[in-house]
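The block underneath contains the structure these notes are about, expressed in structure tokens.
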Amino acid sequence: MASYVAAIDQGTTSTRTMIFDHSGQVVASDQREHKQIFPKAGWVEHDAEEIWANTRATAAGALAGADLTAGDIAAVGITNQRETTLVWDRRTGKPVYNAIVWQDTRTDRIIGELGALGGGQERYRDRTGLPLATYFSGPKIKWILDNVEGVRERAENGDLLFGNMDTWVLWNMTGGVDGGIHVTDPTNASRTLLMDLDTLSWDESIAADMGIPMSMLPEIRSSSETYGTTRERGALGGVPIAGILGDQQAATFGQACLSVGEAKNTYGTGNFVLLNTGTDKVMSQNGLLTTVCYKIGSKDTVYALEGSIAVTGSLVQWLRDNLKMISSAAEIEEHARTVEDNGGAYIVPAFSGLFAPYWRSDARGAVVGLTRYVNKGHLCRAVLEATGFQTREVIDAMNADSGVPLKTLKVDGGMVVNDLLMQFQADILGVSVIRPKVNETTALGAAYAAGLAVGFWESEDDIRSNWAEDRRWEPSMDESRREREYRNWKKAVTRTFDWVEDGD
Ligand SMILES: Nc1ncnc2c1ncn2[C@@H]1O[C@H](COP(=O)(O)OP(=O)(O)OP(=O)(O)O)[C@@H](O)[C@H]1O
Ligand SMILES: [Mg+2]
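full-length UniProt numbering puts the sequence shown at residues 1 to 504.
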């Protein structure tokens, strides 16, 4: 009897394979980073073949780490960086271009042109729940079709496939050119600007606006069902693949935010707050996205409101890799602790424009409030505070949309080991911040989706009972200081607007 479930977490910076037992504990994990390719300012790409090689290597590594074989694994789930866009040839399995990453802003001009067809940024909001923005997949597909030589003709002949990373990994794991299955789930599809949120099917008229042939698009299945079996020669050979959730929805599921009004915030490359709104599709009046939270088999679709923040943990990486101010991410906390406050400095990391709640592709990053007094400690603190402030902005938007103020915030992801940041987060929000015992909620959520489909877990109650609190931070900043700091932040944000003109 197979006693474990595996999850492949194909993230923005790395690919992980994790193996979980029935209580949701991590039994084994293996991880490989892939190259971040920056061909020019605002462009971000990944090599999809490197990612597939890392997927194979980490699957083998995780199994070996726990001395398990494929026979010990009841099911595999896949979770992935969302929106990142790949087009490949169905007969050779070769990508026609690097994957264009969600942070990439090259489609700036395309979204302007689509908006000019009528409706501006809100053109597809009713149908897709999304504003027109560089973030989403559809315009990235259009860019590849328009700009890579010969590709449009091959696409129109039916030779090319589109997928986000879930689809790419799953197609390869199920055989690739030799019978690979071309599917996705509604959480990923809801980030393309091409899916109708009510019917969970592709909207042909939007695809036509973007000049995307329907034959490229994967079949949309639920988030939890058996799609196929892994090819025999893989380390995980012969195991059903039975769950797909975009990384942020997976984390929401893994955090057991399974009832209306429950929310989580994941602190990774960027930050993503998701609020479960149940079977109601709540349209935001305050700059949030409406998105699919999950669809378990034939059950009703569950929706979420989402506040997406493009740059949080990656600002720490930028301080480390580009400015070389710190040698590891963990070191930032030591420097931040050498000072009492930010010394008046604020860093607004609008590297990919600003996502929620602003959706300004014309914004670029700014450091403001500098004086001769400001030192390295202040800047390190300002980097961490940027994450806390940006979170406050999307939580304010969420409270306004839902009418019910959030009382506690469940958190997870790589940055939540940072005690100073977590305390600042509680302070600037004025609510308790709670971290679970299993912080790998993204992989765990995908494992749950797969395990539910094959009966390894019986119901969502298993997920609720596996969740346990590890640590909690309570607000201690006085109200007047909190609001003064937040006002300064808001002013700093306005300094980033209108920087890029005419897409240059
Ligand atoms: N001690 C720390 N303090 C602050 N930030 C940290 C710390 N440790 C890690 N980080 C940041 O956390 C991020 C990594 O988080 P995590 O591992 O959740 O991301 P990820 O899941 O790999 O991201 P993705 O899925 O997008 O690839 C990095 O951006 C890193 O800079
Ligand atoms: Mg991740």
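All residues carry an ideal CB built from backbone N, CA and C; glycine is no exception. Nothing here was measured: the structure is a model prediction, and the numbers come from that model.
Checklist entry - Which of helix, strand or coil does DSSP assign to Ser222? => result coil
Item to check | Neighbourhood of Ala242 by C-beta distance below 6 Å, restricted to the same chain and skipping five residues each side | outcome: Ala75, Thr226, Ala450, Ala453, Val454
Checklist entry - What's the gap between the Cα of Arg90 and the Cα of Glu340? => result 57 Å
Checklist entry - Mind checking Arg464: buried by the 16 CB within 10 Å criterion, or exposed? => result Arg464 sits exposed, since fewer than 16 C-beta atoms from the chains shown fall within 10 Å of its C-beta.
Checklist entry - Taking 6 Å as the cut-off, is the CB of Ala256 close to at least one heavy atom of ligand 1? => result no
Item to check | Option in Asn466, Val177, Leu245, Trp88 with minimal Cα separation from Asn98 | outcome: Trp88
Item to check | Straight-line Cα distance separating Thr371 from Ser190 | outcome: 45 Å
Next on the checklist: Are the CB atoms of Asp412 and Thr266 within a distance shorter than 7 Å?
Outcome noted: Cβ atoms of Thr266 and Asp412: closer than 7 Å.
Checklist entry - What are the boundary residues of the beta strand (DSSP E) that includes Arg56? => result According to the DSSP assignment, Arg56 belongs to no beta strand (DSSP E) but to the alpha helix (DSSP H) extending over 48-65.
Item to check | CA-to-CA distance, His378 to Arg125, given in whole angstroms | outcome: The alpha-carbon atoms of Arg125 and His378 are separated by roughly 40 Å.
Checklist entry - Taking the alpha carbon of Thr105 as the point to measure from, which residue in Glu49, Asp300, Val44, Thr391 has its own alpha carbon closest? => result Of the candidates Glu49, Asp300, Val44, Thr391, the one whose C-alpha sits nearest the C-alpha of Thr105 is Val44.
Next on the checklist: Three or more C-beta pairs under 8 Å: does that hold for the segment 187-206 against the segment 77-84?
Outcome noted: yes
Item to check | Buried/exposed call for Phe38, threshold 16 Cβ in 10 Å | outcome: exposed
Next on the checklist: Helix, strand or coil, according to DSSP, for Phe162 in the structure here?
Outcome noted: strand
Checklist entry - With distances taken between CB atoms, is the gap from Asp203 to Arg127 smaller than 7 Å? => result yes
Checklist entry - When burial is assigned at 16 or more other CB atoms within 10 Å of the CB, is Asp185 buried or exposed? => result buried
Checklist entry - What is the DSSP secondary structure of Tyr373, reduced to helix, strand or coil? => result Here Tyr373 sits in coil by DSSP.
Checklist entry - Taking the runs of the beta strand (DSSP E) that are 3 residues or longer, which of them lie wholly in the segment 404-491? => result 408-412, 432-436, 469-473, all fully within the segment 404-491.
Checklist entry - For Val302, is the classification buried or exposed, using 16 other Cβ atoms within 10 angstroms of its Cβ as the cut-off for buried? => result buried
Item to check | Same chain, Cβ closer than 8 Å to Leu288, five either side skipped, listed in chain order | outcome: Leu305, Glu306, Gly307, Ala356, Pro357, Val394, Ala397, Met398, Asp401
Checklist entry - Candidates Gln425, Val5, Val151, Ile332: which alpha carbon is nearest Val383's? => result Ile332
Item to check | Burial state of Asn342, where buried means 16 or more other Cβ atoms lie within 10 Å | outcome: Residue environment analysis places Asn342 among the buried positions, since at least 16 neighbouring C-beta atoms fall within 10 angstroms of its C-beta.
Next on the checklist: I want to know whether the segment 227-242 touches the segment 204-215 - three or more CB-CB distances under 8 Å.
Outcome noted: Segment contact: the segment 227-242 against the segment 204-215, fewer than three CB-CB distances shorter than 8 Å; contact not assigned.
Checklist entry - For Val433, which residues from the same chain have a beta carbon less than 6 Å from its beta carbon, with the 5 sequence-adjacent residues on both sides left out? => result Closer than 6 Å at the Cβ level, and outside the excluded window around Val433, lie Leu409, Val411, Met422, Gln425, Ala426, Trp473.
Checklist entry - With 16 other CB atoms within 10 Å as the buried threshold, where does Arg221 fall? => result buried
Checklist entry - Quick one: does the C-beta of Asp412 sit closer than 6 Å to a heavy atom of ligand 2? => result no
Item to check | Reduced DSSP secondary structure (H/G/I, E/B, other) of Leu354 | outcome: strand
Item to check | Boundaries (first-last residue) of the alpha helix (DSSP H) holding Gly115 | outcome: It spans 108-116 - the alpha helix (DSSP H) in which Gly115 sits, taken as one unbroken run.
Checklist entry - Three or more C-beta pairs closer than 8 Å, one from the segment 20-37 and one from the segment 55-65: is that the case here? => result yes
Next on the checklist: For Phe351 and Gln248, I'd like the C-alpha separation in whole angstroms.
Outcome noted: 20 Å
Next on the checklist: Let me confirm a value: Met283 is counted as buried when at least 16 other C-beta atoms fall within 10 Å, else exposed. Which label applies?
Outcome noted: exposed
Checklist entry - Gly176 and Gly93: beta carbons closer than 7 Å? => result In this structure, Gly93 lies closer than 7 Å to Gly176 by Cβ.
Checklist entry - Mind pulling the alpha helix (DSSP H) runs of 4 or more residues that sit fully within the segment 74-150? => result 108-116, 125-128, 137-147
Next on the checklist: For the segment 10-26 against the segment 44-55, do three or more pairs of beta-carbon atoms, one drawn from each stretch, fall closer than 8 Å, so that the two count as touching?
Outcome noted: yes
Item to check | Element boundaries [alpha helix (DSSP H), containing Thr252] | outcome: First-last of the alpha helix (DSSP H) with Thr252: 247-254.
Checklist entry - Of the choices Thr69, Arg56, Ile296, whose alpha-carbon is the least far from that of Ala447? => result Nearest option by C-alpha distance: Ile296.
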